[in-house]
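Take any residue in the sequence shown, note its place counting from 1, add 2, and you have its number in the numbering used here.
Comments concern the structure below.
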Amino acid sequence: MTDIRDFRSIEEYRQWLRMNRLFSQYPIDQIRQWGLAQLPEVRSMVNGDYFQQLIDDWEDALHDPDPSGLRTVALDTTPYGINMRQNNPLSGMLGEEENWRIIKESRDEQRAILSSAARIG
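See below:
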């Protein structure tokens, strides 16, 4: 199971949580539609071959008829997956209330881990 310890920062973890929540709450067709609509704007904001390639990878995943491919890209915990989420056309799909809930949950998880580490040390 993926948790906060799988990431270098709490923000990387929050980005992962947002994607995980998105895929558990919305139908894949709605996710695809949103992502494809946002793709041109995201593409216009990134520079460099590497980041343009990430956007191309998003586009490929959004067009892939197999929904597991899009989910795999969105939830990849490697540095590649982290970079993908930082340049992601699915941003903004979750509402403000859900984003605040994710921030609170990740803070609570971070505090629990720090608290247990302090008890050990």
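Positions of the beta carbon are idealized from the N, C-alpha and C atoms, including for glycine.
Every value quoted in this text rests on a predicted model; they were computed, and no experiment measured them.
- DSSP places F9 outside both helix and strand once states are collapsed to three, so it counts as coil.
- For the 8 Å CB-CB criterion, I84 and E14 form a contact.
- Between S108 and R16, the gap from beta carbon to beta carbon is short of 8 Å.
- For T74, the enclosing alpha helix (DSSP H) begins and ends at 69–77.
- Within the model, the alpha-carbon separation for L41 versus I122 is close to 46 Å.
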